[in-house]
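First residue of the sequence shown: 243, per the working numbering; consecutive thereafter.
A short write-up of the structure that comes next.
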Amino acid sequence: MINLRKSGTVNTISIYPEISSLYSNSPSGGYDLYVTQDYNDQETLLSASLINTPTEFDPRLVLQIQSQDVPSSSGLYKTQLQEFVLRSDTWGNTNTKWVDADNRWSDRAKFDRRNIDVDRAYVSGSDIPVFTSYTSPDETGRYTTYNG
Numbered sequence: 243m244i245n246l247r248k249s250g251t252v253n254t255i256s257i258y259p260e261i262s263s264l265y266s267n268s269p270s271g272g273y274d275l276y277v278t279q280d281y282n283d284q285e286t287l288l289s290a291s292l293i294n295t296p297t298e299f300d301p302r303l304v305l306q307i308q309s310q311d312v313p314s315s316s317g318l319y320k321t322q323l324q325e326f327v328l329r330s331d332t333w334g335n336t337n338t339k340w341v342d343a344d345n346r347w348s349d350r351a352k353f354d355r356r357n358i359d360v361d362r363a364y365v366s367g368s369d370i371p372v373f374t375s376y377t378s379p380d381e382t383g384r385y386t387t388y389n390g
């Protein structure tokens, strides 16, 4: 379970990715965290910055997310972490005509996305009410409890 706060400046979270081939395609370090609210399926995209150097032996990702990007509605959310993977075109999957290509083949880099983790999150948003408690020394109250 991931905990995100709307207050403060930055959220630091730690995620162990679910896929085993995370580091086989030289990850780029660009991450997006999609959070979908359980109540109304509203989706929010959060950009995440990687602050550690994961390895295949310690695949834990430590990510930072700006608090201003966190949804303001408190509650439970579904999360999906996606990673950007840099890849180059191959002859079989490009649609550029030979006469229209005016760049070098090695410069045609693209980003693919891959899902690396699905999790749950609790968001402490800015819609949490603040209760004021008024107490004084002369409050005398009674209650009766019935056992039925």
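Where is the CB? At the ideal position from N, CA and C, for every residue including glycine.
(request) Identify the continuous beta strand (DSSP E) that holds Val252 and give its terminal residues. (result) Counted from its first residue, the sequence shown places residue 252 at position 10. Val252 -> beta strand (DSSP E) spans Val252 to Ile257.
(message) Within 10 Å of its beta-carbon, does Glu260 have 16 or more other beta-carbons around it, so buried, or fewer, so exposed?
(response) One-based indexing of the sequence shown puts residue 260 at position 18. Exposed: under 16 other Cβ atoms inside 10 Å.
(request) Give the straight-line distance between the Cα atoms of Leu318 and Val365, rounded to the nearest whole angstrom. (result) Here the question's residue 318 lines up with position 76 in the sequence shown. Here the question's residue 365 lines up with position 123 in the sequence shown. A direct Cα-Cα distance of roughly 6 Å separates Leu318 from Val365.
(request) Confirm, please, whether the CB-CB distance from Ala363 to Val277 is below 8 Å. (result) Reading the sequence shown from its first residue, position 35 is the one you call residue 277. Reading the sequence shown from its first residue, position 121 is the one you call residue 363. Against a cut-off of 8 Å, the Cβ pair of Ala363 and Val277 comes out as a contact.
(request) Please name the residue in Lys248, Thr386, Ile244 and Thr387 whose C-alpha comes closest to that of Ser316. (result) As a working mapping, residue 316 is identified with position 74 in the sequence shown. When each option's Cα is compared against that of Ser316, the closest is Lys248.
(request) Given a cut-off of 8 Å, decide if Gly250 and Ser309 are closer than it, judged by their beta-carbon atoms. (result) Taking the sequence shown and counting its residues from 1, one reaches residue 309 at position 67. Taking the sequence shown and counting its residues from 1, one reaches residue 250 at position 8. In contact: Ser309 and Gly250 (Cβ atoms closer than 8 Å).
(request) Return the CA-CA distance between Asp354 and Thr297, expressed in angstroms with no decimal places. (result) By one-based count along the sequence shown, residue 354 stands at place 112. By one-based count along the sequence shown, residue 297 stands at place 55. Answer to the nearest angstrom: the Cα atoms are 21 Å apart.
(request) Can you tell me the Cβ-Cβ gap for Asn357 and Gln324, rounded? I've got them flagged as a contact below 8 Å. (result) Position 115 of the sequence shown, counted from the start, is the residue given in the question as residue 357. Position 82 of the sequence shown, counted from the start, is the residue given in the question as residue 324. Gln324 and Asn357 do touch by the CB rule: their CB atoms are close to 6 Å apart, below 8 Å.
(request) Counting only the same chain and skipping the five closest in sequence on each side, list residues whose C-beta sits under 6 Å from that of Gln306. (result) Position 64 of the sequence shown, counting from 1, holds the residue named residue 306. Only residues of its own chain outside the window of five on either side were considered, and among them Val252, Thr254, Ser291 and Ile293 have a CB closer than 6 Å to the CB of Gln306, listed in chain order.
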